[in-house]
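> Mind having a look at this structure? Questions to follow.
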Amino acid sequence: MGPEGQRSGDYSLCLFSPLVICSTPSWSPPPDDWVSINCDVKANQMEYYYYYFRLPLLVFSLLFLIHSSSSQMPGFVSLDCGGNESFTDDIGLMWSPDNIAYGETASIAVANETRREYMTLRHFPADSRKYCYILNVTSRTRYLIRATFLYGNFDNNNVYPKFDISLGATHWSNIVIADADDIETRELIFLASTPTISVCLSNATTGQPFISTLELRQFNGSAYYTDFEDNYYLSVSARINFGADSEAPVRYPDDPFDRLWQSDSVKKANYLVDVAPGTTKVSTKLPIDANRDERPPEKVMQTAVVGSNGSLTYRLNLDGFPGSGWAMTYFAEIEDLKPDESRKFRLVLPGNPDISKAIVNIEENAQGKYRLYEPGFTNISLPFVLSFRFGKTVDSSLGPLLNAMEINKYLEKSEGSIDGPIISNVVSRYSSDWALEGGDPCLPVPWSWVHCTSDPQPRIVAIMLSGKNLTGNIPLDLTKLSGLVELWLDGNSLTGSIPDFTGCVNLQIIHLENNQLTGGLPSSLTNLPNLKEMYVQNNMLSGSVPKGLFNKNMTFNITGNKDLRKGSSSGSRKNAIIGASIGAAVLLIVTIVSCLCLHKGSKRNRDKEQPGHSLPVQKPVVASKSETPTESAHCFALSDIEVATKRFEKKIGSGGFGVVYYGKLKDDREIAVKVLTSNSYQGKREFSNEVTLLSRIHHRNLVQFLGYCQEDERSMLIYEFMHNGTLKEHLYGPLTRGRSINWIKRLEIAEDSAKGIEYLHTGCTPAIIHRDLKTSNILLDKQMRAKVSDFGLSKLAVDGVSHVSSIVRGTVGYLDPEYYISQQLTDKSDVYSFGVILLELISGQEAISNESFGVNCRNIVQWAKLHIESGDIQGIIDPALRNEYDIQSMWKIAEKALMCVQPHGYMRPSISEVLKEVQDAITMEREATTVREGNSDDTSRNSGHSSLNLGSLDIIGTDNFLSIDEFARPSAR
């Protein structure tokens with residue numbers, strides 16, 4: 001900093017790349033080739049500072065390290081992305097423009113949004129690059145980082161963007177814009193381990209990546225300390241101010257760390273769904289003793305909700321869950337209790353009876369009124385939808401009270417690529433665009449010019465820097481990349497000699513042509529055991545070619561180096577000069593021969609696929625070890641089937657495949673015979689597919705396959721007979737008259753079906769995707785146990801491949817829209833179909849209807865979503881259930897169903913997660929008769945827990961804790 005405006009204790013704003021010097025209090029005149037930039041920081045009103053940059057670096061530098069500039073709390077950074085000047089907002093936060101040279105800025109106008117920082121944004125191309133912000137931090141200090149995204153249709157395309165955000169090498173979150181006028185917010189709490197952090201946008205699948213604001217907030221103490229913070233971040237999922245007097249969040253300056261405490265009165269399903277009757281607000285103006293400054297601010301603790309009828313009930317949608325989490329509840333007794341009054345209550349989590357053993361007595365636990373008490377869990381497994389209830393004990397005169405709640409998810413940190421430090425030394429030499437992508441070179445997505453292995457801690461295997469205007473010597477750090485397989489540095493202006501690449505034992509391809517390299521070809525190249533291609537033509541190399549290179553089975557080109565001697569052997573000279581041409585000719589010949597072979601092979605395959613009596617051979621499906629061993633399918637004689645069915649006398653079903661008949665074998669086994677009516681190739685293939693699959697898989701929740709019959713151009717599948725027909729018939733078919741199945745039975749049917757699907761997805765190798773799940777393909781036996789049937793459209797998943805390309809098949813109403821658009825089938829397509837089935841179980845409505853869902857809806861997904869997201873679950877519940885159900889279990893299934901029918905597969909849970917939620921709902925339903933308002937302590941009245949001994953962890957039973965080893969490998973839910 002120059003002498004102008006220099007004052008003791010001033011803070012300054014430093015915007016610089018790793019190659020730019022930032023001013024410090026120890027000032028000396030800059031060199032002649034440096035220029036100054038006048039920046040109005042506004043930290044001390046009318047103060048001006050000068051920063052000096054080497055001009056070429058100012059032009060080419062794209063990434064900036066950003067340091068706090070204000071008189072606010074230390075470590076505060078508030079970036080107005082796309083903005084052009086600094087300003088102070090209405091609450092006293094000081095905003096600075098992001099001042100980066102890449103990306104484009106846009107201005108937007110959104111109704112009811114007047115905050116200046118949201119009037120602009122910065123957006124980036126939808127390409128393969130990562131676009132990063134780099135911020136200075138203090139190592140071993142905890143921070144909150146917050147990124148916000150307000151689309152506002154900035155591109156005038158109305159194509160809602162979808163992209164990723166990462167912190168360093170760790171994938172932070174998927175950003176999926178669902179409403180142009182809503183702000184998406186992501187917050188992360190982390191312990192800094194390096195002097196800088198990088199926040200990167202990448203991997204756009206629709207629209208363009210963009211960002212509205214980026215904020216960094218430093219903590220002073222250890223409120224967010226965990227035993228796992230060196231390996232896990234805390235991703236903020238919910239931070240709620242209960243009893244808030246307005247919808248505005250509480251933040252800075254009321255919260256000196258500028259956390260956003262969202263009001264529970266915001267019109268969101270997150271906080272308002274299923275609020276218990278009798279929930280009232282209370283508040284006080286008296287100060288609250290919070291003990292430590294990183295606890296909720298006083299303004300938050302001065303408001304609360306009270307369950308005047310004895311119960312507080314809430315349901316929260318937890319972003320990022322299911323998973324392992326950190327959860328705290330905050331209490332302060334802010335009502336004056338009379339001598340004969342008491343407030344004691346328990347937390348009840350459905351399906352977790354051990355948690356309800358501890359009694360909360362706020363005044364006693366906090367050792368006084370107006371003092372903070374904070375019981376919670378530092379490590380607990382939580383679902384996506386958290387249902388919880390605080391219920392008063394039988395000896396309490398007052399209902400429960402709740403001030404605030406905070407829930408964070410553990411997000412595992414990536415260790416980053418092994419070669420990160422090495423390649424960082426390389427890029428530090430350059431200021432060109434390619435060198436400034438930022439973040440980890442491999443994770444969560446690689447730099448555009450780097451290829452990496454897919455290991456958890458990847459290595460760099462290819463450097464692709466052709467034609468990047470590189471100058472100077474080949475960086476010696478490249479020779480330290482021991483996993484390097486390909487090196488492409490051709491078409492640059494590199495000088496100097498070729499270094500020793502002996503350390504790169506895996507190196508196979510080297511492209512150094514069309515540079516200005518001098519010296520000789522090093523003999524160390526002969527020590528590369530895997531070298532296959534070496535291109536060094538059109539340089540200024542000299543000396544002799546090492547003889548060992550001619551003995552390698554490789555292609556190399558040394559032409560265009562007039563002073564490079566090619567050795568004494570004419571054969572060797574010829575091989576060296578035209579090696580590349582020979583290699584190309586061989587490659588062409590191999591390609592032609594391969595095409596001919598493929599043509600002949602495909603013809604043979606087509607010949608084999610023609611309709612016939614034999615079944616095609618498919619890749620074996622290996623059943624789970626816990627199931628019955630696989631057996632070959634039994635081939636029934638047509639005469640036996642005709643006798644069993646009395647010449648197909650009793651028709652019991654039909655579909656697009658054909659007709660199903662009832663039969664009885666000689667051993668009295670009842671059977672269902674599915675007769676394929678189509679003799680087309682397609683029909684034969686589906687028949688063969690089902691035979692092949694069903695003969696190898698066995699599970700109690702899959703309809704048992706007994707065999708097949710294929711005679712006289714007739715194809716039949718023989719199954720066990722399911723006495724109670726299809727689920728469809730019981731929900732809205734002829735079997736519903738006067739005897740609709742109750743809610744607990746519907747849940748058990750969902751459980752059975754999910755178990756069958758889970759077996760297909762996880763118990764078979766390779767996995768099986770059903771592709772046509774619907775209520776008519778779920779059959780019920782004598783005991784009303786459900787089994788999944790009909791595998792004519794099923795597909796085998798391919799190991800190691802994320803999807804199977806497939807012509808779209810399925811049933812309208814159940815068909816995954818993402819699969820329909822992309823023709824890429826995944827197991828999440830089955831999950832979508834199962835979500836539709838769950839909605840049918842709740843509502844008793846068909847998946848598609850022209851009359852049932854109103855004017856603007858024809859399918860159950862749209863209709864149910866409108867009701868559920870507005871909190872009106874009663875509007876979709878089947879009247880035939882006659883209010884004989886627990887509303888909590890109903891909500892759990894409804895919200896899980898909505899997760900299943902999310903538009904994108906990655907947003908949907910696995911079928912295993914769905915099964916767990918269904919089982920939890922069954923537990924809740926069965927407990928509903930014993931767990932009621934006012935008697936939540938019945939099972940634990942004599943548990944021996946004293947409220948005097950409750951610490952911040954004592955409210956949870958030991959069964960809910962994960963061990964350190966378990967936590968190192970968080971489960972899927």
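Each step along the sequence shown adds one to the number in UniProt numbering, with nothing skipped, and position 459 is 459.
The C-beta atom is built at its ideal place from N, Cα and C for all residues, glycine as well.
Owing to the predicted nature of the structure, the values given are computational and were not obtained by experimental measurement.
For Thr775 versus Ile837, is the C-beta spacing smaller than 8 Å?
Cβ distance < 8 Å, so Thr775 and Ile837 count as in contact.
> How is Arg54 classed by DSSP in three states: helix, strand or coil?
Here Arg54 scores only 35 on pLDDT, less than 50, and its place in the model is too uncertain to base an answer on.
> Just curious, the alpha helix (DSSP H) that Thr265 is in, first and last residue?
A small correction: the amino acid at residue 265 is Ser; Thr does not occupy that position in the sequence shown. Here Ser265 belongs to no alpha helix (DSSP H), and DSSP marks it neither H nor E.
> By Cβ distance below 6 Å, which residues in the same chain neighbour Tyr662 in space, the five residues on each side in sequence not counted?
If we look at Tyr662 and ignore the five residues flanking it on each side, its Cβ neighbours are Lys650, Ile652.
> Which one of Pro383, Gly467, Phe853, Asn241 has the shortest CA to CA distance from Phe331?
Residue Asn241 is the option with its Cα nearest to Phe331.
> Take Ile145 as the anchor and find which of Asp245, Glu818, Arg700, Gln218 has the nearest alpha-carbon.
Measuring from the Cα of Ile145, the nearest candidate turns out to be Gln218.
> Would you call Ala894 buried or exposed, if buried means 16 or more other Cβ atoms sit within 10 Å of its Cβ?
Burial call: buried.
> Would you say Ser424 and Ser128 are within 8 Å of each other, going by their C-beta atoms?
It is not a contact, given that the beta carbons lie outside the stated cut-off.
> Pull the bridge partners of Tyr719 from the DSSP assignment, please.
DSSP lists Ala672, Phe705 as partners of Tyr719.
> Using the three-state DSSP reduction, which class does Ile463 fall into: helix, strand or coil?
Correct three-state label for Ile463: strand.
> Evaluate contact between the region 464-473 and the region 494-514, counting only Cβ atoms and requiring at least three cross-stretch pairs below 8 Å.
Short answer: they touch.
> When you compare only the Cα positions, how much space is there between Gln710 and Lys865?
Those two C-alpha atoms are separated by around 46 Å.
> Please classify Asp607 as buried or exposed, where buried requires at least 16 other C-beta atoms within 10 Å of its C-beta.
Because Asp607 sits at a pLDDT of 40, beneath the cut-off of 50, its placement in the model cannot be relied upon, and the following sentence gives the value as read from the coordinates. It counts as exposed.
> Excluding five sequence neighbours on each side, which residues of the same chain lie with their C-beta closer than 8 Å to the C-beta of Ile91?
Hits under 8 Å: Arg251, Tyr252, Pro253.
> Just checking my contact of Pro209 with Pro161 at CB under 8 Å: how many whole Å lie between their CB atoms?
Contact flag correct, Cβ pair sits at about 7 Å.
> Cutting at 7 Å between CB atoms, please list the residues of its own chain near Ala750, excluding the five before and the five after it.
The answer, listed in chain order, is Leu838, Leu841, Val918.
> Give me the residue from Phe705, Leu676, Leu731 with the minimum Cα distance to Arg714.
When each option's Cα is compared against that of Arg714, the closest is Leu676.
> Just the C-alpha distance for Pro383 and Thr726, rounded to the nearest angstrom, thanks.
Approximately 31 Å, taken between the alpha carbons.
> If you draw a straight line from the alpha carbon of Cys635 to that of Glu670, how long is it in whole angstroms?
The alpha-carbon atoms of Cys635 and Glu670 are separated by roughly 17 Å.
> Which same chain residues, not among the five before or five after Pro249, have their C-beta less than 7 Å away from its C-beta?
Here the set comprises Leu260, Trp261, Gln262, Ser263.
> Quick one: give me the first and last residue of the beta strand (DSSP E) that His730 is part of.
No beta strand (DSSP E) contains His730, which is instead part of the alpha helix (DSSP H) from 727-732.
> How far does the beta strand (DSSP E) with Pro97 in it reach, from first residue to last?
Pro97 -> beta strand (DSSP E) spans 94-97.
> If we ignore side chains and look at the alpha-carbon of each, how far apart do Ile718 and Gly707 end up?
Going from the Cα of Ile718 to the Cα of Gly707 covers about 5 Å.
> Give a yes or no on whether the minimum CB-CB distance between Ile842 and chain C is below 8 Å.
Here chain C cannot be found, since the structure has a single protein chain.
> Checking 8 Å against the spacing of the C-beta atoms, do Glu401 and Ile362 come in under that value?
A small correction: the amino acid at residue 401 is Leu; Glu does not occupy that position in the sequence shown. Yes, these two residues count as a Cβ contact at 8 Å.
> Out of curiosity, what's the CA-to-CA distance linking Val137 and Thr194?
If I take the Cα positions, the gap works out to 8 Å.
> Leaving out five residues on either side along the sequence, give the residues of the same chain with a beta carbon under 6 Å from the beta carbon of Ala435.
Answer for Ala435: Val427, listed in chain order.
> Among Gly560, Pro529, Gly543, which one has its Cα closest to the Cα of Gln537?
Ranking Gly560, Pro529, Gly543 by Cα distance to Gln537 puts Gly560 first.
> Counting beta carbon pairs with one atom in the region 415-422 and one in the region 477-494, are three or more of them shorter than 8 Å?
Touching, yes, given that three or more Cβ pairs across the two stretches are closer than 8 Å.
> Along the chain, where does the alpha helix (DSSP H) containing Ser397 start, and where does it finish?
Taken as a continuous stretch (DSSP letters only), Ser397 belongs to no alpha helix (DSSP H), as it is neither H nor E.
> Rounded to the nearest angstrom, what separates Val861 and Asp179 at their Cα positions?
Computed Cα separation, rounded: 18 Å.
> For the candidate residues Arg389, Ile197, Tyr820, Ile911, whose alpha-carbon lies nearest to that of Gly310?
Ranking the options by Cα distance to Gly310, first place goes to Arg389.
> Would the beta-carbon of Ser212 fall within 8 Å of that of Phe163?
The answer is no: Cβ separation not under 8 Å.
> Put Cys132 into one of helix, strand or coil per three-state DSSP.
If DSSP states are grouped into helix, strand and coil, Cys132 belongs with the strands.
> Are the beta-carbon atoms of Asn724 and Lys782 separated by less than 8 Å?
A contact, by the Cβ cut-off of 8 Å.
> In chain order, which alpha helix (DSSP H) runs of at least 4 residues are fully inside the region 338-396?
Segments of the alpha helix (DSSP H) lying fully in the region 338-396: 362-365.
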